[in-house]
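Worksheet for the structure shown next.
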Amino acid sequence: MERNRPAAAVAAAIGRWTARSPGTYVWLTVLLVTSHLLGPLLPAAGEFVRLPAPADPHTLADRPSQVFLAGLLWLPEGGHWVLCAVLFTLFHAPAEQWLGTLRWCAAVAVAYVPAGLLAEAVLLWASRHGHAPLSASNSLVYATDQGLAGIAAVLTYRLPRVWRYAYAFAVLVFCGVPLGAGPDVTDLGRFTAALAGLACYPLTRGRGTAVARRPRATGRAAAQ
């Protein structure tokens with residue numbers, strides 16, 4: 216029995232962590248099912264979710280909600296779910312526990328939708344004007360990339376003020392450097408999502424920081 220106690224304690228801790236961030240792990244579970252269990256069985260993502268695979272450059276303009284939903288439900292081609300799970304646990308789960316599930320969902324949406332619209336619009340313009348091959352307009356913007364960048368930026372406001380500027384600068388540099396080395400739709404979307412995440416400050420009001428202030432000692436305790 217004593218040998219099982221450490222394992223039981225770890226399992227209980229994992230259960231508590233997961234229960235405090237249900238949206239993060241429901242999303243991860245969906246990504247596992249669609250991208251790694253069902254994905255190999257289907258010729259295109261759209262056949263499972265009944266969404267248009269990005270087969271023509273007019274899909275985003277005609278059915279934007281379907282395109283964005285496809286980006287939420289599928290990992291990019293070649294994406295690794297285990298790495299995604301690690302990153303979700305490092306960024307999404309703490310953000311959801313801090314903000315609450317509804318505010319976390321709002322922050323993901325604020326990061327993903329504008330970034331996706333801008334990235335797809337730029338890509339469509341480039342393909343139509345000969346700056347990118349027409350096939351490039353078939354690219355799909357994935358919420359996993361944009362959501363992670365946006366939430367990483369939102370976590371700026373979780374830090375004490377003395378660390379916020381350095382952390383925000385690091386996030387923007389990480390997301391922005393690829394733009395100078397042959398940018399693509401993913402790089403542009405990720406950087407835009409980081410900027411949108413920084414604009415989510417109103418969602419963080421009243422949520423506190425990672426370091427709570429110690430209550431001031433008064434009366435006899437102060438004298439001691």
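Be aware that the sequence shown starts at 216, since it is given in the working numbering, and climbs by one per residue.
All residues carry an ideal CB built from backbone N, CA and C; glycine is no exception.
Continuous alpha helix (DSSP H) stretch holding residue i: start and end
i              : result
valine 386     : 376 to 391
cysteine 415   : Element bounds for cysteine 415: n/a, residue is neither H nor E.
aspartate 360  : 358 to 369
leucine 246    : 237 to 247
tryptophan 313 : 308 to 314
8 Å contact criterion, which residue i and residue j should meet: CB distance rounded
i              : j             : result
leucine 302    : leucine 363   : 6 Å
tryptophan 296 : leucine 246   : 6 Å
tyrosine 327   : glutamine 361 : 4 Å
leucine 394    : aspartate 402 : 5 Å
alanine 321    : glycine 412   : About 11 Å; that fails the 8 Å criterion.
Reference residue i; option with closest CA among the options
i                 : options                           : result
tyrosine 372      : Ala408, Cys415 and Ala396         : Cys415
alanine 300       : Leu374, Val400, Gln312 and Thr233 : Thr233
proline 375       : His251, Glu311 and Thr424         : Thr424
glycine 404       : Pro221, Ala223 and Val325         : Val325
proline 417       : Ala383, Leu314 and Val388         : Leu314
leucine 333       : Thr239, Leu387 and Phe406         : Phe406
glutamine 312     : Ala223, Ala411 and Ser236         : Ser236
leucine 284       : Trp242, Gly421 and Thr316         : Trp242
phenylalanine 306 : His251, Asp402, Ala222 and Val386 : Val386
alanine 368       : Gly421, Phe384 and Asp399         : Phe384
glycine 238       : Gly391, Asp399 and Thr316         : Thr316
leucine 290       : Tyr357, Ala409 and Leu252         : Tyr357
alanine 408       : Thr359, Ser250, Thr304 and Tyr380 : Thr359
threonine 304     : Val400, Arg231 and Tyr240         : Tyr240
Residue environment, residue i, which counts as buried when at least 16 other CB atoms sit within 10 Å
i              : result
isoleucine 366 : buried
threonine 440  : Nothing can be reported for residue 440, as the shown portion of the chain is limited to 216 through 439.
leucine 287    : buried
valine 225     : exposed
threonine 419  : buried
glycine 331    : buried
alanine 227    : exposed
alanine 396    : exposed
alanine 308    : buried
proline 269    : Because the pLDDT at proline 269 is just 39, under 50, the model does not fix this residue reliably, and the value given afterwards should be weighed accordingly. Counting Cβ neighbours within 10 Å, proline 269 comes out buried, since at least 16 surround it.
valine 248     : exposed
alanine 310    : buried
valine 392     : exposed
alanine 222    : exposed
Cβ neighbours of residue i in the same chain (closer than 7 Å, five flanking residues each side left out)
i                 : result
phenylalanine 389 : none
glutamine 439     : Caution applies to glutamine 439, whose pLDDT of 37 falls short of 50 and renders its modelled position unreliable; the model cannot decide the point.
leucine 298       : none
arginine 422      : Trp313 and Leu314
Check: residue i C-beta below 6 Å from any heavy atom of the ligand ATP
i           : result
leucine 302 : What this structure holds is no ligand at all, so the ligand ATP is not there to describe.
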